[in-house]
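Same order as they appear, the protein sequences are chains A and B.
Counting with this note's numbering, you get residues -10 to 283 for the letters of the first sequence.
Counting with this note's numbering, you get residues -10 to 283 for the letters of the second sequence.
Worksheet: the structure to be examined is printed underneath.
There are 2 protein chains.
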Amino acid sequence: MKTPIGFIGLGLMGGPMARKLLQAGYPLVVWNRTAEKMKPLVAAGATPAGSPRELAERAEVIFTMVTDAPQVREVVLGEQGVGHGAKAGTVVIDTSSIAPSAAREIAEELARRRIHMLDAPVSGGPEGAARGTLSIMVGGEEEVFRAVLPILQVLGKSVRHVGPPGTGQLVKLCNQISCALNLLAVAEAFALARWAGADLAAVREVLLSGAAASWMLEHWAPKILSHDYQPGFTIANFQKDLRNALQEAAAGKVPLPGTALVHQLYRANEAAGESQESTVAIYKVLMRLAGEPA
Amino acid sequence: MKTPIGFIGLGLMGGPMARKLLQAGYPLVVWNRTAEKMKPLVAAGATPAGSPRELAERAEVIFTMVTDAPQVREVVLGEQGVGHGAKAGTVVIDTSSIAPSAAREIAEELARRRIHMLDAPVSGGPEGAARGTLSIMVGGEEEVFRAVLPILQVLGKSVRHVGPPGTGQLVKLCNQISCALNLLAVAEAFALARWAGADLAAVREVLLSGAAASWMLEHWAPKILSHDYQPGFTIANFQKDLRNALQEAAAGKVPLPGTALVHQLYRANEAAGESQESTVAIYKVLMRLAGEPA
């Protein structure tokens, strides 16, 4: 009999992740704030729960994939939260991206109730979730990590324990910083090439063959070429991560001038009502700055 | 009998490129301002010339790999330059990285003397030059490009004609913009991770497995881990490229805020006397800003 798993938060990422666990043969209990989103998973064999608390009574390992720290606190520590239903020894795996400090605080609260917590944010987008090829950065106790590793490996191609509670979130922020600047790299190269009348598809291919290559140039730059600004990953969520990165850096007095710049350029997307568009829409900001249509 | 080739400028890049052509069996005439640098190539079978003009009398295809536009002008158009010794139909291939506008002007001057010119800047560093795996972006007439393609393929793995005169240089600038911001991405991620006490080697591996991956993170970030700031590619040369990119962008009224920021951060390397260090030394600037030793 496989470990009974609970999954809270069935959105763009959580939906395909939960489905992956179900396909791997784990008994799955699900909960989502908007009940509607549970239906496809229930149709595929999952059991719906009436609350996170009720879900926790029926699972030994509980995933959360929600928007930000307040939502994690609510489903984990709230009145109808996991903390009130879970047996001692239950493992909560938060795959949301939240501030490292919040992750540490929630882990401490749960530890008092003898509930284990891992912060396990992911990278790879909905495609990676659907394929089970996410990159997962895990903070928390190493023996807890080892116990749930086979389950995490259903979801991720690269699953790595990186340190104590909060460290998974911290490394995720480093990941987002790099993604942000690699996206700006694509956008500025394309902005200059476009002005010069160069063929952007050819420029992309040449750059991919050398030292300018990046995952963003390979996988997401084509969205710019086809004017496709559907997420993927929304600017609203990216801004949350960049804000967390800058706050963490502020706490450490670490100046991050490039990250701050990208955060401000995305502010211009927000000003234009583009918060729900893909992060590649930073190119549209550069085009507007240059007085050109994107 | 293979086409006789001339090679002018036998530095960090030109040296290994010339050697590659010699190894491929091309008769090679060489010239370098500092005569000393000709010796290893002459020992390997090349013929030394007394001037670019003399070199041009003995070659049908002539490579130049020098510092910047003034040096290209001097060896190509100067009194003892290629232009005075070359027969009509000679092809000059400038692999230096110079401003697109300068490349166009030199090509026009040579065209009046019935000498063909290709701007063919490269990416891939001394390692790529030694292995013959450079990425080469070529601007100029397409039929001239086709005629010398087999020779360029001795030097490069990816050799691509991208448009009329100057376009090779323009695409190289796009390449450098992307490299610069991808390097800043590595430096800022490492700066935050280091403050948090994370293991930078582990952070690099995790980031490489996901959307934050880049050539810079894979190939050059290890230099930061081992505190190795030997070039590779010097900050002085990178600053020349970024300055050319910003000037080209200024001509087109294309705002490039990220490129401008990186250019200014490298200014801090210059202020610290680090112009001859590797471009990864931008990490040292971030460390100094954070009050830490690198």
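Don't be surprised by glycine CBs; every beta carbon is placed ideally from N, CA and C.
This one's a predicted model, so the numbers in the text were calculated from it and none came from an experiment.
inquiry  = Give me the chain A residues within the contact set of Val269/B, using Cβ-Cβ distance strictly less than 9 Å, ordered along the chain.
reply    = Chain A residues near Val269/B: none, gap ~12 Å exceeds 9 Å.
Start-end ranges of the alpha helix (DSSP H) lying completely within the stretch 172 to 210 of chain B, minimum 4 residues = 189 to 197
inquiry  = How far does the alpha helix (DSSP H) with Val71/B in it extend, from its first residue to its last?
reply    = Val71 to Gly74
task = Using DSSP bridges, identify the partner residues of Val160/B.
result = Paired residues: none, contrary to the question.
ask   = If you check the beta carbons only, do Trp204/B and Ala202/A fall under 8 Å apart?
value = yes
ask   = Hey, out of Glu46/A, Thr79/A, Ala77/A and Ser40/A, whose CA is closest to Glu63/A's CA?
value = Ser40/A
key: As assigned by DSSP and simplified to three states, the class of Met2/A   = coil
message = Here's the rule I'm using: 16 or more other beta-carbon atoms within 10 Å means buried, otherwise exposed. How should Lys273/A be labelled?
response = buried
query = Counting only runs that start and end within the stretch 55 to 96 of chain B, where is the alpha helix (DSSP H) found for 4 or more residues in a row?
reply = 58 to 66 and 71 to 74
request  = Determine, using beta carbons only, whether Leu250/A comes closer than 8 Å to chain B.
outcome  = yes
ask   = The beta strand (DSSP E) with Val19/A in it runs from where to where?
value = Leu17 to Trp20
task = Return the residue from the list Ser86/A, Ala91/A, Met6/A and Val195/A that minimises the CA-CA distance to Leu162/B.
result = Val195/A
request  = List the whole-angstrom C-beta distance separating Val269/B from Lys212/B, where the pair is believed to meet the contact cut-off of C-beta under 8 Å.
outcome  = 5 Å
inquiry  = Can you give me the C-alpha to C-alpha distance between Leu11/A and Lys26/A, rounded to a whole angstrom?
reply    = 16 Å
key: From Thr248/A, Ala118/A and Phe(-4)/A, residue whose alpha carbon lies closest to that of Glu177/B   = Thr248/A
key: Where Ala32/B falls, given that 16 or more other Cβ within 10 Å makes a residue buried   = exposed
ask   = To the nearest whole angstrom, what separates the beta carbons of Gly(-2)/B and Met54/B, a pair I think is in contact under 8 Å?
value = 4 Å
query = Quick one: what does DSSP say Arg47/A is sitting in, helix, strand or coil?
reply = coil
Under 9 Å from the C-beta of Thr156/B: neighbouring residues of chain A = Ala185, Gly186 and Ala187
Identity of the residues DSSP links to Thr36/B by a beta bridge = Val18/B
key: Which residues DSSP lists as bridging Phe(-4)/B, in chain order   = Val19/B and Phe52/B
inquiry  = What does the Cβ neighbour count give for Glu237/B, buried or exposed, with the cut at 16 atoms within 10 Å?
reply    = buried
inquiry  = Between Gln165/B and Leu231/B, how many whole angstroms is the CB-CB distance? I'm expecting something under 8 Å.
reply    = 7 Å
request  = Go through its chain and collect everything with a Cβ distance to Ala210/B's Cβ below 8 Å, but skip five positions before and after it.
outcome  = Val175, Phe179, Arg193 and Val269
message = Run through chain A and tell me which residues come within less than 9 Å of Glu237/B, C-beta to C-beta.
response = Leu181, Trp184 and Ala185
task = Keeping to the same chain, check which residues put their C-beta closer than 7 Å to that of Gly70/B; ignore five residues upstream and five downstream.
result = Pro41, Arg42, Glu63 and Val64
ask   = Since His105/B and Val143/B are thought to touch, with beta carbons under 8 Å apart, how far apart are those beta carbons, to the nearest angstrom?
value = At roughly 19 Å, the Cβ-Cβ gap does not stay under 8 Å, so His105/B and Val143/B are not in contact.
ask   = If you draw a straight line from the C-alpha of Val160/A to the C-alpha of Asp83/B, how long is it?
value = 43 Å
request  = Measure the C-alpha to C-alpha separation of Ala96/A and Glu132/A and round it to an integer number of angstroms.
outcome  = 15 Å
Local conformation of Arg42/B per DSSP, three classes = helix
Beta-carbon proximity of Glu259/A to Ile224/A, cut-off 8 Å = yes
inquiry  = Using a Cβ-Cβ distance cut-off of 8 Å, determine whether Pro5/A contacts chain B.
reply    = no
task = Specify, as a first and last residue, the run of the alpha helix (DSSP H) that Ile104/A falls within.
result = No alpha helix (DSSP H) contains Ile104/A, which DSSP labels as neither H nor E.
message = Helix, strand or coil for Lys229/B? Go by DSSP, reduced to three states.
response = helix
ask   = Starting from Val274/A and walking both ways along the alpha helix (DSSP H), at which residues does that stretch end?
value = Ile271 to Leu278
ask   = Does the beta carbon of Met126/B come closer than 8 Å to any beta carbon on chain A?
value = yes
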